[in-house]
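Below you'll find the structure, written out as structure tokens, and then a few comments.
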Amino acid sequence: MVEFNENSFATIKFTLTWKSGHGIHEEKFLARKVNAWRDFLPEELKEQLEGTKSGESVTVDFSAGAGVPKHELSKVRNIPHRKFKIRSHQFKNQPARTGRFYPQGTLTGLPGVYPQTAIPFRVLDRTGTDIIADLNHPLAKIPFELKSEVINVASKDSETGGRLTHWLEEICNWGPGMQAAPKKQPVDFIHEDFFNRPDDTADASFYSSPRLIGHIDKQASKNLQSIYKRFLSPEMKVLDLMSSMESHLSPDIELDITGLGMNMNELRMNPSLNGKVVQDLNINPELNFKNNTFDAITCSLSIEYLTDPASILKQAHALLAPGGSLLIGISNRWFPSKVTQGWLEMHEFERMGYLLQLAEESGFKGEKGTVSIRNDWRPVTDKHFVSTRGVSDPVYVVWCKKD
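Residues 207 to 609 in this note's numbering are what the sequence shown spells out, letter by letter.
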């Protein structure tokens, strides 16, 4: 069996695990082609991976500031309000909001920062004249564990030129850490236009014709199933909110599932459902079920359409039996005319932080956390395989336990 070394390529599934004041967070990232000769891996990780074979795994712990740039006070700066500007025409003239992340390109006058700079910074606070901007990496103060599962190893005949990949940057940059809220105060997510939608006509008209298509590719759906499966066991009663033709629940677990959605024809196409309810939660948000009834409540790829999600989550908390799980799955695909403005304003990882905060405010005080899966293989038969370069849609799950 081929061993991982500088004369081989490997496919490695990385799992980064870290904790915040809100819970435990797990980021899965598939490194499709790791070249130990050319790519950059932390020395301690490279040493442990040396000689591993398919099916083996290693784990390395990183102290705060070891795996990503360490926190520096010099990167916390006072920036005059006039030097902050959102350049998107859709969201222009909005002020910086406390706790939110923005691209550094929204700031002017910083050395090495240009309008195209997408590296995030966080607004720690606001004064009458300035915003307090933290330009440190979101994980700069956080220790984390990195597990590396070797999926496949193949020999290489020769070394050719190509792209050098810094794998820890691929895993840690552009998102992980943004779920965590500041310790002193909640994030100021909500504003006057947050729940506005491009098409504010009745949702019943939009969903009157069945849409018998999946929102995400088949591998992404399997990934969503795999996360949900951790919280489910046979014979559980499950409420699938905003359901459709599929529930993203593993078919190998016998569950009693009630689906609540917008179109009965779509619900009838869903083989997982035992019960079906047609209801527009933006018009009629009352969930007419008995309290403490369900062992799990899921909401998959739809919460971004709700104009009062807090009301729904408060009721979900009441409907769950003690110890029950709330599971919210999201991706980066939606119906553009029906998604809320606030959802579009947030980074993909920041949306998980928003949902965690919303859940806490809705009564979920027990265990909670997030899981992300990125860069997986998209099925070669998928019609978007070429345009996505074979990359599966990312999936993100926020989970909360009722205490």
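Note that beta-carbon positions come from the ideal geometry of N, C-alpha and C, so glycine has one too.
In this text the structure is predicted, and so the values were computed from the model without any measurement.
Identify the residues that DSSP records as bridge partners of Asn-284: which are they? Ile-338
Return the chain-ordered ranges of every beta strand (DSSP E) run that is complete within the segment 465-533 and spans a minimum of 3 residues. Fully enclosed beta strand (DSSP E) runs of 3 or longer: 479-484 and 500-506.
Kindly indicate which three-state DSSP category Thr-371 falls into: helix, strand or coil? Coil at Thr-371, not helix or strand.
Given a cut-off of 8 Å, decide if Ile-348 and Lys-282 are closer than it, judged by their beta-carbon atoms. The residue asked about is misnamed: residue 282 is Val in this sequence, not Lys. No, the pair does not count as a contact, with Cβ atoms beyond the cut-off.
Mind checking who Trp-605 pairs with in its DSSP beta bridge? Leu-533 and Gly-575
With Asp-446 as the anchor, note down where its beta strand (DSSP E) starts and where it stops. 443-449
If you follow the beta strand (DSSP E) that Pro-224 is in, where does it begin and where does it stop? Per the sequence presented here, residue 224 reads as Trp, with Pro not at that position. Annotation for Trp-224: the continuous beta strand (DSSP E) segment containing it runs 214-226.
Within the continuous beta strand (DSSP E) that includes Asn-581, where are the two ends? Per DSSP, Asn-581 belongs to no beta strand (DSSP E) and is neither H nor E.
Less than 8 Å between the C-beta atoms of Lys-607 and Gly-535, yes or no? Cβ atoms of Lys-607 and Gly-535: not closer than 8 Å.
Between the segment 275-295 and the segment 303-316, do three or more beta carbon pairs fall short of 8 Å? yes
Does the distance from the CB of Thr-576 to the CB of Tyr-602 come in under 8 Å? Yes, the pair counts as a contact, with Cβ atoms nearer than the cut-off.
Where does Thr-312 sit, in a helix, a strand or coil, going by DSSP? helix
If we count Cβ pairs, one from each stretch, closer than 8 Å, do we get three or more for the segment 383-397 versus the segment 303-313? yes
What distance in whole Å lies between the Cβ atoms of Gly-569 and Lys-496, which are believed to be in contact at a cut-off of 8 Å? Between Gly-569 and Lys-496 the Cβ distance is about 17 Å, and since that is not below 8 Å, they are no contact.
Who does Val-208 pair with in a DSSP beta bridge? As computed with DSSP, Val-208 is found in no beta bridge at all.
Given that a residue counts as buried once 16 or more other Cβ atoms are within 10 Å of its Cβ, and exposed if not, what is Ser-354? buried
Can you grab the Cα-Cα spacing for the pair His-454 / Trp-540, in whole Å? 16 Å
List the endpoints of the continuous alpha helix (DSSP H) containing Asp-409. 409-412
Output needed for Phe-400: all residues of its chain with C-beta closer than 7 Å, excluding positions within five of it in sequence on either side, in chain order. Thr-546, Gln-547 and Gly-548
Using the Cα positions of Lys-589 and Ile-422, report the straight-line distance between them to the nearest angstrom. Roughly 12 Å between the two C-alpha positions.
Across the segment 408-416 and the segment 426-437, are there enough close Cβ pairs to call them in contact, namely three or more that are closer than 8 Å? no
What does the Cβ neighbour count give for Thr-504, buried or exposed, with the cut at 16 atoms within 10 Å? Label assigned to Thr-504: buried.
Relative to the alpha-carbon of Pro-457, which residue among Asn-469, Pro-477, Val-484 and Ser-449 has its alpha-carbon at the smallest distance? Out of Asn-469, Pro-477, Val-484 and Ser-449, Pro-477 has the C-alpha closest to the C-alpha of Pro-457.
How would you label Gly-229, buried or exposed, when you count the other beta carbons within 10 angstroms and need 16 or more for buried? buried
For Ala-324, does the three-state DSSP call read helix, strand or coil? Ala-324: coil per DSSP, three-state reduction.
On the DSSP bridge assignment, give the partners of Glu-611 in chain order. Here the chain covers residues 207 to 609 and nothing more, so residue 611 does not appear.
Going by CA-CA distance only, name the one from Gln-322, Pro-248 and Ile-518 that's closest to Ala-375. Note that residue 375 is Glu in the sequence shown, not Ala. Comparing Cα positions, the closest option is Pro-248.
Mind the definition here: the segment 209-219 touches the segment 238-245 only if three or more C-beta pairs lie below 8 Å; say whether that holds. Pairwise C-beta distances place the segment 209-219 in contact with the segment 238-245, as three or more of them are shorter than 8 Å.
Reducing DSSP to helix, strand and coil, say where Ser-353 ends up. Just to set this straight, residue 353 is Lys in the shown sequence, not Ser. It is a strand residue.
Grab me the residues of Leu-479's own chain with a C-beta within less than 8 Å of its C-beta, minus the 5 sequence neighbours each way, in chain order. Asp-446, Ser-449, Ser-453, Ile-463, Thr-464, Gly-465 and Leu-473
With DSSP as the reference, label Leu-330 as helix, strand or coil. strand
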